[in-house]
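Just so you know, the protein sequences line up as chains A and B, in that order.
Numbered according to this note's numbering, the first sequence spans residues 1 to 153.
Numbered according to this note's numbering, the second sequence spans residues 154 to 470.
Built from N, CA and C at the ideal position, the CB exists for glycine as well.
Keep in mind it's a predicted model, so treat the numbers as computed, not measured.
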Amino acid sequence: MKKELKVVPIKNGTVIDHITAGQALNVLKILEINGRTDAVVSVVINVRSKKMGRKDIVKVEDRELKPDEVDKIALIAPNATINIIHDSEVTGKHKVYLPKSIEGIIRCANPNCISNAEKEPVMSKFITVSENPPQFRCFYCERIIEDASRNIC
Amino acid sequence: MFTKRHIISTRDFSKEEIDYVLSRAEELEIYARAEEPGDGKGRGRKSDLLKGKILANLFYEPSTRTRFSFETAMKRLGGEVINLSSTEASSVAKGENLADTIRTVSGYCDVIVLRHPHEGASRMAASFSPVPIINAGDGAGQHPTQTLLDLYTIKREGLLDGLRIALIGDLKYGRTVHSLAYALSLYKATLFFVSPEALRMPDEIKSDLKEAGAEVLESTDIKEIIKEANVLYVTRIQKERFPDPAEYRKVAGTYRITTDLIEENEDVIIMHPLPKVDEIDVEVDGTKNARYFKQTFYGVPVRMAILSILLGKEEMG
């Protein structure tokens, strides 16, 4: 029987593969891709993977995501791989790396942190203290965040 | 040597920087004491090192020791102090945010001392202030000048090298013990953590401390370690941490410092960040072991040191 592809290959754009299962929607959130963006986006959730058991995949057509844009997704999907596609050929392939510091994207889990105070003109900021397992220290209150996916803004 | 523009967290300090503050405090201690008139044996001396400088005390939460000792430190060095002592009587009551208050007040002074109920408030304030911010407590977060004065007290007792200190009481939530333990790890101290099971030092802090070079031992019984330690650092166990008042009374009683306990180790010194309630028997106050009132006095030379360094007046008084 012919293997049926769940999502057809794209001609040009970016394929984000090996996303931690269940995190695809958070990936879109971090990349600020929503219903108001023009790009054609395909999302596959909980697909079987030899390496990971289950994984998610996101394909963004006609848009080449830059490393500093995609590195942010390492917060929630440290094993993600980025494939840049040109005329149906993979022209670039790389991993994601946790940035040393992260502004915005996640909020501090400490409700009493100044970065969560509504009146103050301040954006959350975290310093990466460990890559594996990923751990982040709030720049303001110094609380450690371990599961970034629970704290996406 | 000293590159800090703001004093926000103990974590920002290297051991060399702490040593520098402590030695500067020693130089300035003579100016922290009251002048005594008469035969020249007076211990205090006058200084106008910070003449013409203004410190703004911004306290959004109550304080006695910290606010007074900053004020005393500034005035004993010839500087002046302006105070926001009641948030009800200022723009804060009208809903002004901290960032705007800092932008405003920083135009009136040379240094700001801030205590605020939100963790991280001082770090944020620093990004809006052209003058140095000193964190005097941010919620349950950091209180670095308390740590520095604790270290200064230990140093003045000649115990900083090879220190064996027991931190007693609420080690889970107590901000002073977390900062102090971190700073002591820089001195490779032996740390005994003595607390009820429910208020133990968090694991991530313990592993941080071990990594930094401290030796860490835990116990639920002071009697087990009293002979081993040369300093007992006692903190308050808060009633509200216990859902059952009877359980609180039982636990609090177990961790009370009494003269009977001290007999087990006559040379041990007892410190406490204060205010104390009933975790130290009042009879202990008069013993040669009690250091907590001296400790509060040391807040003045330590804060003098910090002010003189931040305001670029590093010559003698």
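Asked, Found
"Measure how close the beta-carbons of N79(A) and T128(A) come, nearest whole angstrom, since I'm counting them as under 8 Å.", "The pair is not a contact, with the Cβ atoms about 16 Å apart (cut-off 8 Å)."
"Could you confirm whether any beta carbon from chain B is found closer than 8 Å to the beta carbon of K119(A)?", "yes"
"In chain order, what residues of the same chain lie with their CB nearer than 7 Å to the CB of G322(B), ignoring the 5 residues before and after it?", "S348, V387, T388, R389, I390, Y408, E432"
"Does chain A have any CB closer than 8 Å to the CB of E381(B)?", "no"
"Taking Cβ positions only, does L251(B) come closer than 8 Å to chain A?", "yes"
"Less than 8 Å between CB atoms is the rule here; does R164(B) satisfy it with respect to chain A?", "yes"
"According to DSSP, which residues form a beta bridge with E233(B)?", "I207(B)"
"With a threshold of 8 Å between beta carbons, is E64(A) in contact with chain B?", "no"
"Could you check the C-alpha separation between D136(B) and V44(A) for me, to the nearest Å?", "Here chain B has residues from 154 to 470 only, and residue 136(B) is not among them."
"Contact between the segment 290 to 300 of chain B and the segment 256 to 263 of chain B: three or more CB pairs below 8 Å?", "no"
"From the DSSP output, which residues share a beta bridge with L352(B)?", "DSSP lists no partner for L352(B)."
"Any beta carbon from chain A within less than 8 Å of A334(B)'s own beta carbon?", "no"
"Looking at chain B, is there any beta carbon in it that lies within less than 8 Å of the beta carbon of S115(A)?", "yes"
"Who are the near neighbours of G53(A) in its chain, counting only those whose CB is closer than 8 Å to its CB and skipping five residues on each side?", "A21"
"By the DSSP assignment, the alpha helix (DSSP H) with T14(A) in it spans what residues?", "Per DSSP, T14(A) belongs to no alpha helix (DSSP H); it is in the beta strand (DSSP E), 13 to 20."
"Label K72(A) either buried or exposed according to how many other C-beta atoms from any shown protein chain fall within 10 Å of its C-beta, with 16 as the threshold for buried.", "buried"
"With contact counted as at least three CB pairs below 8 Å, one residue from each stretch, are the segment 31 to 40 of chain A and the segment 59 to 70 of chain A in contact?", "yes"
"In the segment 319 to 405 of chain B, which residue ranges form an unbroken beta strand (DSSP E) of at least 3 residues, counting only runs that do not cross its ends?", "343 to 347, 368 to 372, 384 to 387"
"Given this structure, state the Cα-to-Cα distance separating H271(B) from C113(A), to the nearest angstrom.", "6 Å"
"Where does S149(A) fall in DSSP's three states?", "helix"
"Could you compute how far the alpha carbon of S338(B) sits from the alpha carbon of I171(B)?", "12 Å"
"Suppose the cutoff is 6 Å on Cβ atoms and the five residues either side in sequence are ignored; what does the same chain contact list for A405(B) look like?", "I390"
"In three-state terms, what does DSSP make of A443(B)?", "strand"
"Looking at the unbroken beta strand (DSSP E) that takes in V266(B), where does it start and where does it end?", "264 to 269"
"Which residue comes first and which comes last in the alpha helix (DSSP H) that contains A279(B)?", "274 to 279"
"So which residues of chain B does C141(A) contact, with C-beta pairs closer than 7 Å?", "E272, G273, G294"
"Under the three-state reduction of DSSP, which class applies to T81(A): helix, strand or coil?", "strand"
"Taking the beta strand (DSSP E) that S130(A) falls in, what are its first and last residues?", "125 to 131"
"Return the residue from the list P215(B), T240(B), I207(B) that minimises the CA-CA distance to E224(B).", "I207(B)"
"Is there a Cβ of chain B sitting closer than 8 Å to that of I33(A), yes or no?", "no"
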